[in-house]
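S.K.: In our numbering, the protein residues as written are 3 to 96. If you scroll down you'll find the structure; I have some questions about it.
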Ligand SMILES: [Cu+2]
């Protein structure tokens, strides 16, 4: 029971963290599954102080790259983790 509660608490915290990262818009210009990297042409990302640009992001988890192709328009959450710009959530834009 205690284990389940701890798991639930961890899940709630991670969902909260996810909810606090604003989603940005972008277009995929390169998918690098071997290195778990994606290149995105993105709009302004205020919480990271970024103007629109093309840049490479680390992807965690790498499975976010499954079914992703060059030219796809996406919504994504980017965070700075250990000094690396990292995509932590990603979905194709409708
Ligand atoms: Cu950028």
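C-beta: ideal position from N, C-alpha, C; glycine also. Being a predicted model, the structure only gives us computed values, none of them experimental.
How is the beta strand (DSSP E) around residue 34 delimited, first residue to last?
M.R.: By 1-based counting over the chain shown, the position of residue 34 is 32. Residue 34 -> beta strand (DSSP E) spans 25-34.
S.K.: Nearer than 6 Å: is that true of the beta carbon of residue 25 relative to any heavy atom of ligand 1?
M.R.: Counting from one through the chain shown, the residue named residue 25 turns up at place 23. No, the beta carbon of residue 25 sits no closer than 6 Å to any heavy atom of ligand 1.
S.K.: What are the start and end residues of the beta strand (DSSP E) that includes residue 57?
M.R.: By one-based count along the chain shown, residue 57 stands at place 55. 55-61 is the span of the beta strand (DSSP E), which, as asked, contains residue 57.
S.K.: Roughly how many whole angstroms lie between the Cα atoms of residue 83 and residue 50?
M.R.: Position 81 of the chain shown holds residue 83. Position 48 of the chain shown holds residue 50. Taking the straight line joining both Cα atoms gives about 12 Å.
S.K.: Give the secondary structure of residue 151 by DSSP, where H, G and I count as helix, E and B as strand, and everything else as coil.
M.R.: No answer is possible for residue 151: it lies beyond the span of the chain, which begins at 3 and ends at 96.
S.K.: Are the CB atoms of residue 81 and residue 30 nearer to each other than 7 Å?
M.R.: As a working mapping, residue 81 is identified with position 79 in the chain shown. As a working mapping, residue 30 is identified with position 28 in the chain shown. For residue 81 and residue 30, no; Cβs fall outside 7 Å.
S.K.: List the whole-angstrom C-beta distance separating residue 92 from residue 66, where the pair is believed to meet the contact cut-off of C-beta under 8 Å.
M.R.: Within the chain shown, the letter at position 90 stands for residue 92. Within the chain shown, the letter at position 64 stands for residue 66. Rounded, the Cβ-Cβ distance is 5 Å, consistent with contact.
S.K.: Could you round the C-beta distance between residue 39 and residue 60 to whole angstroms and report it? I think they count as a contact, below 8 Å.
M.R.: Sequence index remark: in the chain shown, residue 39 carries index 37 (1-based). Sequence index remark: in the chain shown, residue 60 carries index 58 (1-based). With a Cβ gap of about 6 Å, residue 39 and residue 60 count as contacting.
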